[in-house]
Amino acid sequence: FFFFFSKDSKESSSFFTVNFDHFQILRAIGKGSFGKVCIVQKKDTKKMYAMKYMNKLKCVERNEVRNVFKELQIMQNLEHPFLVNFWYSFQDEEDMFMVVDLLLGGDLRYHLQQNVHFSESTVKLYICELALALHYLRNKHIIHRDIKPDNILLDEHGHAHLTDFNIAAIVKDDLKATSIAGTKPYMAPELFQPVEGTHPGYSFAVDWWSLGITAYELLRGQRPYIMRSSTPASEILQSFHKVHPYYPAALSAEIKSLLRKLLCIDAQQRLSSLSELQDMDYLSDVNWDAVLNKQVPPGFIPNRRRLNCDPTFELEEMILESKPLHKKKKRLARKTRENGGSDGSPQVILTILIFILYLIWLTFINVNLLGHQQKRRCRSCLVNESQGNWTHGSHVFLAQHLQTDWLNSKC
Numbered sequence: 001f002f003f004f005f006s007k008d009s010k011e012s013s014s015f016f017t018v019n020f021d022h023f024q025i026l027r028a029i030g031k032g033s034f035g036k037v038c039i040v041q042k043k044d045t046k047k048m049y050a051m052k053y054m055n056k057l058k059c060v061e062r063n064e065v066r067n068v069f070k071e072l073q074i075m076q077n078l079e080h081p082f083l084v085n086f087w088y089s090f091q092d093e094e095d096m097f098m099v100v101d102l103l104l105g106g107d108l109r110y111h112l113q114q115n116v117h118f119s120e121s122t123v124k125l126y127i128c129e130l131a132l133a134l135h136y137l138r139n140k141h142i143i144h145r146d147i148k149p150d151n152i153l154l155d156e157h158g159h160a161h162l163t164d165f166n167i168a169a170i171v172k173d174d175l176k177a178t179s180i181a182g183t184k185p186y187m188a189p190e191l192f193q194p195v196e197g198t199h200p201g202y203s204f205a206v207d208w209w210s211l212g213i214t215a216y217e218l219l220r221g222q223r224p225y226i227m228r229s230s231t232p233a234s235e236i237l238q239s240f241h242k243v244h245p246y247y248p249a250a251l252s253a254e255i256k257s258l259l260r261k262l263l264c265i266d267a268q269q270r271l272s273s274l275s276e277l278q279d280m281d282y283l284s285d286v287n288w289d290a291v292l293n294k295q296v297p298p299g300f301i302p303n304r305r306r307l308n309c310d311p312t313f314e315l316e317e318m319i320l321e322s323k324p325l326h327k328k329k330k331r332l333a334r335k336t337r338e339n340g341g342s343d344g345s346p347q348v349i350l351t352i353l354i355f356i357l358y359l360i361w362l363t364f365i366n367v368n369l370l371g372h373q374q375k376r377r378c379r380s381c382l383v384n385e386s387q388g389n390w391t392h393g394s395h396v397f398l399a400q401h402l403q404t405d406w407l408n409s410k411c
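Sequential numbering from 1 applies to the sequence shown in UniProt numbering.
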């Protein structure tokens with residue numbers, strides 16, 4: 001069985017089974033390290049969504065199982081105007097699927113690559129919209145940890161939406177996260193502090209640093225600090241103290257002041273809350289209720305006559321993918337016929353046993369970690385520095401049963 005919960009009023013009273021056949025696959029629009037994203041249409045409602053699908057075996061090979069379930073656990077409890085919201089989740093023998101809002105405006109990385117010039121007023125609105133999202137996440141005790149142009153999607157009207165909770169951390173009771181996670185060029189200085197005994201830890205301020213780096217990049221077309229994923233942490237720390245970001249004369253004094261506050265090396269002095277942002281004179285003219293209700297028109301509106309993504313994603317799916325999604329139904333039916341309709345082959349049984357042992361091991365590790373968390377700082381659960389990380393109303397019941405379903409399906 002495949003469980004999902006819907007935000008639709010007609011379906012919200014109970015759980016229903018859902019599977020791959022409930023959706024029509026239209027085209028591929030993105031990919032990550034071990035999964036892809038495509039546009040789908042739900043056959044009964046005709047509503048369009050984005051579907052993220054991840055290969056199960058690759059998840060295990062790359063030790064991403066815990067990460068996938070954590071992302072699902074986080075997203076099912078979130079709903080906000082400036083987030084990419086979660087709708088359904090299910091699986092089959094090969095893949096896990098997450099169905100989320102479809103935003104056709106493309107991500108900010110795509111538009112930067114298209115040499116779009118973002119005006120100061122446009123970036124100012126993005127900062128306000130994303131600040132509201134960060135405020136909401138803080139109230140949910142969530143540090144996103146991977147804010148960057150790649151993870152900010154625009155809707156058809158040009159409003160910003162934060163996506164990809166793949167490496168997000170949950171922190172409570174004034175505890176701090178301690179593991180190093182994120183995309184290096186957007187990671188705050190405190191994430192690179194040398195580990196001597198106990199890591200000093202970090203909190204919500206790291207997301208506001210990332211927001212500052214992103215805003216700077218949108219305004220200038222380049223980041224204030226030059227670094228790559230391979231740059232050593234010691235070299236990165238030196239650059240923070242030796243390199244001073246350049247602010248062109250064309251930028252207003254007010255936006256420069258805001259960027260400096262966001263890019264403060266000292267996390268204690270950094271602008272890192274919605275209230276601090278709202279107190280700035282530069283934003284005294286902002287109607288925050290209008291921003292929250294998307295009543296402030298963005299300065300940049302994506303081209304509605306085309307799909308704002310790299311067209312090679314669809315070509316790769318059609319030509320290079322050995323197991324294309326649009327042929328999944330026929331492929332699985334043929335596989336069942338070849339196995340004589342049996343689901344009890346030795347390979348399947350062995351794989352299920354491996355999954356059971358793996359998840360028992362994870363549970364044992366989690367129990368030990370929880371004991372340490374009461375005495376020490378909060379640990380986050382995954383390190384991920386990839387440049388290509390991705391993309392509601394469900395209950396914890398969904399995650400629990402989805403994890404159980406994984407064990408009962410083929411891989």
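Don't be surprised by glycine CBs; every beta carbon is placed ideally from N, CA and C.
Contact between residue 239 and residue 227 is confirmed by a C-beta separation of about 7 Å, below the 8 Å threshold. Residue pairing from DSSP leaves residue 213 without any beta-bridge partner.
By the neighbour-count criterion, in which 16 or more other beta carbons inside 10 Å mark a residue as buried, residue 246 falls on the exposed side. Going by DSSP, residue 261 is part of no beta strand (DSSP E) but of the alpha helix (DSSP H) stretching over 253-262. Around the Cβ of residue 295, a 10 Å sphere holds fewer than 16 other Cβ atoms; the residue is exposed.
Per the coordinates, the alpha-carbon of residue 130 lies some 30 Å from the alpha-carbon of residue 45. Residue 152 sits away from residue 191, with the two beta carbons spaced by 9 Å or more. Spanning the alpha carbons of residue 79 and residue 188 requires a straight line of approximately 26 Å. Distances from the CA of residue 85 to each of 93, 100 and 92 were compared; the closest alpha carbon is that of 100. Per DSSP, residue 153 lies in no alpha helix (DSSP H) segment; the continuous beta strand (DSSP E) that holds it begins and ends at 152-154. A distance below 9 Å separates the beta carbons of residue 98 and residue 52. Residue 36 has 31 and 53 as its beta-bridge partners, per DSSP. Burial of residue 270 is indicated by the presence of at least 16 other C-beta atoms within 10 angstroms of its C-beta. About 14 Å separates the beta carbon of residue 23 from that of residue 36, a gap too long to meet the 8 Å contact definition. Straight through space, the alpha carbons of residue 29 and residue 311 are spaced by roughly 8 Å.
Under the three-pair Cβ rule at 8 Å, the stretch 213-231 counts as touching the stretch 114-127.
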